[in-house]
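In what follows, a single structure is set out as C-alpha cells and then discussed.
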Amino acid sequence: MTMEVALPHDLGNDARNDILAREKAYSLGLQRAGEWVSIWRIAGRYANLSIFDVASNDRLHEILWNLPLFRYMTIEVTPLARHPSDLSLTLE
Ligand SMILES: O=C(O)C[C@H]1C=CC(=O)O1
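Each residue of the sequence shown is one higher than the one before, starting from 1 at the first, in full-length UniProt numbering.
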C-alpha cells in the first residue's frame, strides 16, 4: 500500500513533533510484531510504500484507522497474492 502524507501548514512545531513521534512508535511496534513487514520512502515524495501481513481486512482497517497521521494521509491499498514465479515457491 502507499500512504501519502499532507500535514497542515499551520500545525505548530510541538504538535508536528509529537504526532511524528507517536506515528514512528506506532509503526515500530507493528513492525516488531510482524504485521508491518516493511516500509520504504517513495523517493521525492512525502509518502511511503509499505507491506503489511495481517490476519484480516478488519485488522488492516483497525491498524490504519489508528495511525496517528491517519487524518492527514491518503492511503491506497493494493491486495497482494503469491506469484507462482516467486523463487521461494519454486522447487527448481
Ligand atoms: O513518514 C511517513 O511515511 C509516514 C509515516 C508512516 C510511518 C511512519 O513512521 O511515518
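Glycine residues also receive a C-beta, built at the ideal position from the N, C-alpha and C atoms.
Under the DSSP definition of a beta bridge, E35 lacks any partner.
Sixteen is the threshold: since fewer than 16 other Cβ atoms of the shown chains lie within 10 Å of the Cβ of L91, the residue is exposed.
A heavy atom of ligand 1 is found nearer than 6 Å to the CB of S27. If you draw a straight line from the Cα of I51 to the Cα of H9, it comes to about 29 Å. Look at E92 here: in three-state DSSP terms it is coil, with no helix or strand label. For V54, the closest alpha carbon among the candidates E62, N48, D86 is that of E62.
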